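Participant: At position 152 of the sequence shown (counting the first as 1) the number is 203 in this note's numbering, and the numbers step up by one without a gap.
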Amino acid sequence: MSTPETQTHDIARLIISCPDQPGIVAAVSEVIAEVGGNIISLDQYSTGVEGGRFFQRTVFHLPGLAAAKPAVEQAVQTKLADRFSMDFSLTAADQPKRVAIFASKTDHCLLDLLWRHRRGEIPMDIAMVISNHADLAEDVRPFGIPYFHVPIVDGDKAAAETKHLQLLRGNVDMIVLARYMQIISENFLDQVGAPVINIHHSFLPAFIGAGPYQKAKDRGVKLIGATAHYVTRDLDEGPIIEQDVIRVSHSDDVAQLTRFGADVERAVLSRAVKWHCEDRVIRNGSTTIVF
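(1) Mapping the DSSP letters down to three states, classify N335 as helix, strand or coil.
(2) Could you pull the DSSP bridge partners for L286 from this structure?
(3) At 4 residues or longer, and completely inside the segment 248-331: list those alpha helix (DSSP H) runs for me, N to C.
(4) If we call anything under 8 Å between Cβ atoms a contact, is D330 one with R149?
(5) Does the beta-carbon distance from H184 to S155 come in below 8 Å?
(6) On the criterion of 16 or more Cβ atoms from any shown chain inside 10 Å, does E288 qualify as buried, or is it exposed?
(7) Can you pull the DSSP bridge partners for T109?
(8) Ignore the nearest five residues each way along the sequence and tell me which others in K120's own chain have a CB closer than 8 Å to its CB.
(9) Which of the three DSSP states, helix, strand or coil, is assigned to D86?
(10) Count the other CB atoms, across all protein chains shown, that sit within 10 Å of the CB of H301; report buried if there are 16 or more and exposed otherwise.
(11) If we count the other Cβ atoms within 10 Å of its Cβ and call it buried at 16 or more, is L65 buried or exposed?
(12) What number of angstroms, rounded off, separates the C-alpha of V191 from the C-alpha of P174?
(13) How about the segment 233-248 and the segment 163-180: do they share at least three Cβ pairs that are nearer than 8 Å?
(14) Using three-state DSSP, classify T98 as helix, strand or coil.
(15) According to the neighbour-count rule (16 or more other Cβ atoms, all chains shown, within 10 Å of its Cβ), is E189 buried or exposed?
(16) Compute the beta-carbon to beta-carbon distance between E293 and A279, rounded to the nearest angstrom, for a pair I have assumed lies under 8 Å.
(17) Say yes only if the C-beta of I292 is nearer than 7 Å to one or more non-hydrogen atoms of the ligand FMN, and no if none qualify.
(18) Return the chain-ordered ranges of every alpha helix (DSSP H) run that is complete within the segment 172-209 and spans a minimum of 4 residues.
(19) Can you give me the start and stop residues for the alpha helix (DSSP H) that K120 sits inside?
(20) For A211 and Q233, I'd like the C-alpha separation in whole angstroms.
(21) Specify the secondary structure class of A151 as computed by DSSP and reduced to three states.
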């Protein structure tokens with residue numbers, strides 16, 4: 052059975068953040084009512100009772116949203132944003148995010164996202180898969196998604212990133228690194244104009260480099276985990292979206308630890324991508340609010 056949140060036609064999502072003060076929720080509700088909208092879901096959070104920052108995700112139904120959206124944005128700007136020093140975004144739920152997936156040779160996260168996309172589990176349009184290797188091209192082909200092989204020739208990552216930017220500009224709303232085994236440069240992040248989500252094992256900052264599961268086995272770890280986060284100039288220190296762990300034991304060998312790791316990576320990355328595509332994640336400095 053469908054619910055108001057799973058229906059998308061004429062459904063808008065208003066995401067706001069501003070300094071906390073009395074009257075924000077009432078003012079937002081009043082403006083939505085004035086434009087003819089009916090609120091069907093509202094989540095809010097403040098970082099502090101005094102001097103905090105306020106965040107809210109409001110989902111509402113508005114007949115004829117496509118035509119009315121510019122007028123709604125203008126009303127929010129003049130009646131809310133100017134008054135409350137508010138940052139906001141207004142999106143239509145039936146406009147899925149356009150996504151590019153970067154991958155290398157490891158397939159589990161990439162194929163999981165493609166499979167969930169085909170089943171309609173994540174509201175996104177996958178515009179392309181980009182890889183520095185050709186290994187996964189045949190795996191991607193049955194999904195009907197364009198696959199671009201952009202090798203790094205003679206260690207020239209700048210040339211590869213130039214090609215990436217040519218493919219991406221104006222074509223995507225977000226980028227997912229599905230075990231893409233290359234460091235993203237500051238120049239790329241400055242120019243791409245879209246958020247980038249990465250997945251990695253949760254051993255960091257321990258067990259850095261190649262063979263993390265062998266290193267973890269050698270140290271007798273009891274938990275295997277994964278972290279999905281936004282990519283910033285600080286590499287793996289961007290705002291965290293989602294994490295999870297599973298227990299392991301001394302009897303699990305490296306191959307089993309690796310399989311456990313792949314399972315949790317798939318689940319964590321798919322949740323992070325889904326939440327981002329549903330406008331549930333709001334960045335707040337080095338952290339996130341996830342509604």
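Don't be surprised by glycine CBs; every beta carbon is placed ideally from N, CA and C.
These figures come from a predicted structure and were not determined experimentally.
Facilitator: On the basis of the supplied data:
(1) The three-state secondary structure of N335, taken from DSSP, is strand.
(2) Answer is T283.
(3) Runs of the alpha helix (DSSP H) inside the segment 248-331: 263-270, 305-328.
(4) Going by C-beta atoms, D330 is not nearer than 8 Å to R149.
(5) Contact: yes.
(6) So E288 counts as exposed.
(7) Beta-bridge partners assigned by DSSP to T109: L65, L93.
(8) The answer, listed in chain order, is A63, L141, A143.
(9) Reading the sequence as shown, one finds Val at residue 86 and not Asp. For V86, the secondary structure class from DSSP, reduced to helix, strand or coil, is coil.
(10) By the 10 Å Cβ count, H301 comes out exposed.
(11) By the neighbour-count rule (16 or more Cβ atoms within 10 Å), L65 is buried.
(12) Straight-line Cα distance between these residues: approximately 19 Å.
(13) Between the segment 233-248 and the segment 163-180, the count of C-beta pairs closer than 8 Å stays below three; the two stretches do not touch.
(14) Note: T98 maps to coil in three-state DSSP.
(15) By the 10 Å Cβ count, E189 comes out exposed.
(16) Yes, they are in contact, since the Cβ atoms of E293 and A279 sit about 5 Å apart, within 8 Å.
(17) Summarising the ligand content, the structure contains no ligands, and the ligand FMN is consequently not present.
(18) Runs found: 188-191.
(19) For K120, the uninterrupted alpha helix (DSSP H) segment begins and ends at 116-127.
(20) Distance between the alpha carbons of A211 and Q233: 11 Å.
(21) Assignment of A151 by DSSP, reduced to helix, strand and coil, places it in the strand class.
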